[in-house]
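Beneath this line is the structure, given in structure tokens, with notes to follow.
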Amino acid sequence: MARVLLGVTGGIAAYKACELCRLLVKDGHDVVPLVTPGAERFVTAETFRALARRPPGDDVYLHLTRADLLVVAPCTANTLAKLAHGLADNVLAEAALAHRGSVLVAPAMNPRMWAHPATRANAATLRERGVVLVGPDEGETAEGELGVGRMAEPDEIFDAARNLLMGTGPLLGKRVLVSAGGTREPLDAVRFVGNRSSGRMGVALAAGAQRRGAVVTLLAANLAVPAPAGVELVETPTAADLEREALGRGVEADVIVMAAAVADYRPAEALAAKRPKDKAAWTLELEPTTDVLSALGEHRHDGQILVGFAAETGATGLERAREKLARKGADLFVLNDVSRTDIGFDAYENEVTLLAAGTERTVAKAPKEEIAAVILDEVEALLLDG
Ligand SMILES: Cc1cc2nc3c(=O)[nH]c(=O)nc-3n(C[C@H](O)[C@H](O)[C@H](O)COP(=O)(O)O)c2cc1C
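Going by this note's numbering, the sequence shown opens with residue 29, and the numbers climb by one from there.
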């Protein structure tokens, strides 16, 4: 049984925290509710005391005693700012400063409040400190506005809390950088050269790493699927964006997984405006892009694990993947055959060969989430060897 401090702050979603409290108690945890005065306008502290089965006359300093996990759900913009800056003007903020265990935060606010640079900076500060953010989700807010700001569902927050509490795996607290999707290289203002990658494999890896306790940054190149809630999302639509962010953010990462299909070539010149249709042929010159994986391999630091993906077609794919593993300085290469329509690009399933120094093994066709789990098991083993 773990001791969980459950912070509830002043948003409409406060009522949903009742269900979260119930789930935590049902899972056998000792829950200490910390309801802010702002939240008491929506729910009563009494309700949470009852749900948490706290005895009357409970120790008023209980919030300052050792706890394994602090969950703040919903977390208002106000409390997010307090957590980022270390204010201690109510029992929850005070507890957060005194707390030394894991912290999980489920923000909930108006989409414009969430998008404000001040809130973005506060969320980034917390993530840098290792705080796990779940959500917010996209959808309609209580006031009928559409956008990102809704609190994640209680069962999702509960799952994340459980993972943090049980997380003893080597990815706990590790910084994992994952790229996903396919880059698009502009030809003119509206056209691009791209590929069919949906981002499913990279998203499954990011979600899997997060579930294992990692602090995940996802470099997203035109994803066709939603990014997992709670990961730090960085949009990298072109190969140049992805190169810049991967090299910049890779410095801090313990694990880098380059699952995105990054263009090998881009138009040498992109027109600023849309080229009007005419009878003339349009001849393109394509120039090679930087090999991001090789560049990461050159700059990697001691103990950093580097995983590359090889999207190959045909029988010679394995040969080429072996050669890439040796040349690019990666610890692990994931080879997938993109000539098949049932696996690889834009498919729900994959079948891969994992290549590491001296070992090769094929992982049978399975949903990408399961393939991601096998890859992450390998990463964990490499970290332990490291
Ligand atoms: C009806 C109503 C709904 C609100 N909903 C939210 C919300 O969802 N998210 C948020 O950040 N603030 C919301 N606020 C504003 C907060 O309640 C306010 O910033 C308060 O100071 C938060 O205090 P706390 O963070 O200590 O709980 C709402 C205010 C009102 C009156």
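Backbone N, C-alpha and C fix where the C-beta goes; we use that ideal spot for every residue, glycine too.
Item: Using three-state DSSP, classify V279 as helix, strand or coil.; Value: coil
Item: Apart from the five residues just before and just after V131, which ones in its own chain have a Cβ nearer than 6 Å to its Cβ?; Value: L98, V159
Item: Assuming contact is defined by CB atoms lying nearer than 8 Å, are A268 and S207 in contact in what I supplied?; Value: no
Item: For A123, tell me which candidate among V320, G276, V283, A95 has the shortest Cα-Cα distance.; Value: A95
Item: Should A339 and L233 be called a contact, given that it needs their Cβ atoms to be closer than 8 Å?; Value: no
Item: Identify which residue in P304, M286, R157 has its Cα closest to the Cα of S322.; Value: M286
Item: R82 to V60, Cα distance in whole Å?; Value: 8 Å
Item: Kindly indicate the opening and closing residues of the beta strand (DSSP E) around A101.; Value: 97-103
Item: Cβ of I185 versus every heavy atom of ligand 1: is any distance shorter than 7 Å?; Value: no
Item: Does A116 pass the burial test, meaning 16 or more other C-beta atoms within 10 Å, or should it be called exposed?; Value: exposed
Item: State whether the stretch 144-156 contacts the stretch 171-191, with contact taken as three or more CB pairs (one from each stretch) at a distance under 8 Å.; Value: no
Item: Go ahead and pull the three-state DSSP assignment for M179.; Value: coil
Item: Below 8 Å, how does it come out for the stretch 208-227 and the stretch 162-174: are there three or more Cβ pairs, yes or no?; Value: no
Item: Do A274 and L247 count as a contact pair if the criterion is CB distance below 8 Å?; Value: yes
Item: So, with DSSP's three-state summary, where would you put A300?; Value: coil
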